[in-house]
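K.L.:
One structure is given below, represented as C-alpha cells, and several questions about it will come after.
Protein chains in written order, with my numbering: chain A, -8 to 116; chain B, 9 to 179.
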C-alpha cells in the first residue's frame, strides 16, 4: 500500500522540517533589548549589544523640579547608575541582562525591563 | 443510464455526503471534548480528516470540499468559536486542495496524501495566525506543527486506508 512516492514525500517533508528546526538555532537568538517605561508609557527600547548611557528626565508632578535616572548599558548588561530618588533601590539593584528581569524605580515610576526582541512566549487561542 | 437512475445516484451521493459531514462533525466534537494529552496547543490527531480523505477517494473534490466546509462551519458555530472557525477553514482549505492534487497524480497512497494534508493543515493555520496576529514570530512554532502534522497525518492515513477497503460501494 505504501508507494515509493510516499516515502520520497515523507523524506522531503522530514528534511524541510529538520531544516526549519535547525536553521533558527544556528542563528544567534534575538538580541535582548532593554525597554524603559516611564509612568506606564514606553520611553525607549535599547539593544543590550550596544554600550550607551540613557538619561531619563522628567519633571515632577508639581512642575517645579526634575527627576533624573541614568541607565547605563555596558557589556550586554544594564544597570541604574544614578537616580534622583531618595531610596536608591534601583541603583543598588545591580546589573540585569536576562530576559524578564527588571529594575524598578518606584519613586520616579521608571521601569527597565529586558525583553527578547519581539519574541512571543505564548499565543493562546 | 436512465434519467431516473441518474437522479437516484445523485440523491444517494447527497445523502452520503450529509452523513459524512455529520460523522466529521462528531469527530471534531470528540477531539474538542478529549484533547490529546500534550502541553502544546494546536496538536491534534485530525480525526475529521479521516472522513475527508475517504470522501476524496470515493467521491470527488466538490463533495469532499462541501463536507469539510459544512463540518467547519457547524463546528465553529457549535463549539470551536468564530476564531477557531477561521483557523480551521484556512487549514482545511489548504489541506484539502493539497490532498486532492496529490491524490489526482496517482503516485501517492492514502498515507502519503494524508501526511501531506496534515502538514498543510497546520501550515495553513499557522499562516492565518501570522496574518491575524500581525506577527511573524509565530512561525518559529512551525517545526513543532510540521512534525505533529506529519505523524498524525500518517496515523490517519493508515486508518483511512484500512477503513476505505472495508466500506461498501456508494453506488
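We put the beta carbon where it would ideally sit given N, CA and C, even for glycine. Keep in mind that this is a model prediction, so the values were computed, not measured.
1) Name, please, each residue of chain A whose Cβ falls closer than 8 Å to the Cβ of residue 169 of chain B.
2) Closer than 8 Å, CB to CB, is residue 12 of chain A near chain B or not?
3) Does the CB of residue 70 of chain A have a neighbour CB from chain B at under 8 Å?
4) Does the beta carbon of residue 87 of chain B come closer than 8 Å to any beta carbon on chain A?
5) Can you tell me the Cα-Cα spacing of residue 109 of chain A and residue -5 of chain A, whole angstroms?
6) Return yes when the Cβ of residue 152 of chain B is within less than 8 Å of the Cβ of residue 4 of chain A, no when it is not.
7) In the DSSP assignment, what are the bridge partners of residue 60 of chain A?
8) What does residue 56 of chain B touch in chain A if you count any residue whose Cβ is under 7 Å from its own?
9) Taking only beta-carbon positions, decide if residue 110 of chain A is within less than 8 Å of chain B.
10) Is there a Cβ of chain B sitting closer than 8 Å to that of residue -3 of chain A, yes or no?
11) In whole angstroms, what is the alpha-carbon distance linking residue 19 of chain B and residue 7 of chain A?
12) Any C-beta of chain A sitting closer than 8 Å to the C-beta of residue 40 of chain B?
13) Would you mind working out which of A:73, A:64, A:39 sits nearest residue 48 of chain A, comparing C-alpha positions?
14) Could you tell me the distance, in whole angstroms, from the CA atom of residue 166 of chain B to the CA atom of residue -2 of chain A?
15) Using three-state DSSP, classify residue 165 of chain B as helix, strand or coil.
16) Please determine, among B:149, B:66, B:84, B:137, the residue with the shortest C-alpha to C-alpha distance to residue 189 of chain B.
17) Between which two residues does the beta strand (DSSP E) harbouring residue 14 of chain B extend?
18) Use the C-beta contact count for residue 43 of chain A: other C-beta atoms within 10 angstroms, 16 or more gives buried, fewer gives exposed.
19) Looking at residue 122 of chain B: is its Cβ nearer than 8 Å to the Cβ of residue 159 of chain B?
20) For the alpha helix (DSSP H) that residue 64 of chain B lies in, which residues bound it at each end?
21) Can you list, in chain order, the stretches of the alpha helix (DSSP H) that have 4 or more residues and sit fully within the stretch 73 to 153 of chain B?
P.N.:
Concretely, from the data shown:
1) What residue 169 of chain B touches in chain A: -8.
2) It does: the Cβ of residue 12 of chain A has a partner Cβ on chain B nearer than 8 Å.
3) Cβ-Cβ to chain B under 8 Å: no for residue 70 of chain A.
4) At a cut-off of 8 Å, the C-beta of residue 87 of chain B has no neighbouring C-beta in chain A.
5) Annotation note: pLDDT 47 at residue 109 of chain A (below 50); position unreliable, no value reported.
6) Contact: no.
7) Beta-bridge pairing links residue 60 of chain A to A:47, A:74.
8) Contact annotation for residue 56 of chain B against chain A: no contact, minimum CB-CB distance about 17 Å [criterion: below 7 Å].
9) With a pLDDT of only 49 at residue 110 of chain A, under 50, the local geometry of the prediction cannot be trusted, and no value is derived from it.
10) For residue -3 of chain A, the answer is yes, since a Cβ of chain B falls inside 8 Å of its Cβ.
11) In this structure, the alpha-carbon of residue 19 of chain B lies about 44 Å from that of residue 7 of chain A.
12) Judged by the 8 Å Cβ criterion, residue 40 of chain B is not in contact with chain A.
13) Of the candidates A:73, A:64, A:39, the residue whose Cα lies closest to the Cα of residue 48 of chain A is A:73.
14) Their backbone Cα atoms lie some 14 Å apart in a straight line.
15) In this structure, residue 165 of chain B counts as helix in the three-state DSSP scheme.
16) What the structure shows of chain B is the stretch from 9 to 179, and residue 189 of chain B is not part of that stretch, so it cannot be assessed.
17) Under the DSSP assignment, residue 14 of chain B falls outside any beta strand (DSSP E), being part of the alpha helix (DSSP H) whose first and last residues are 11 to 41.
18) Its Cβ having fewer than 16 others within 10 Å, residue 43 of chain A is exposed.
19) No, they are not a contact pair.
20) Segment 56 to 66, the alpha helix (DSSP H) holding residue 64 of chain B.
21) The qualifying runs are 89 to 113, 118 to 141.
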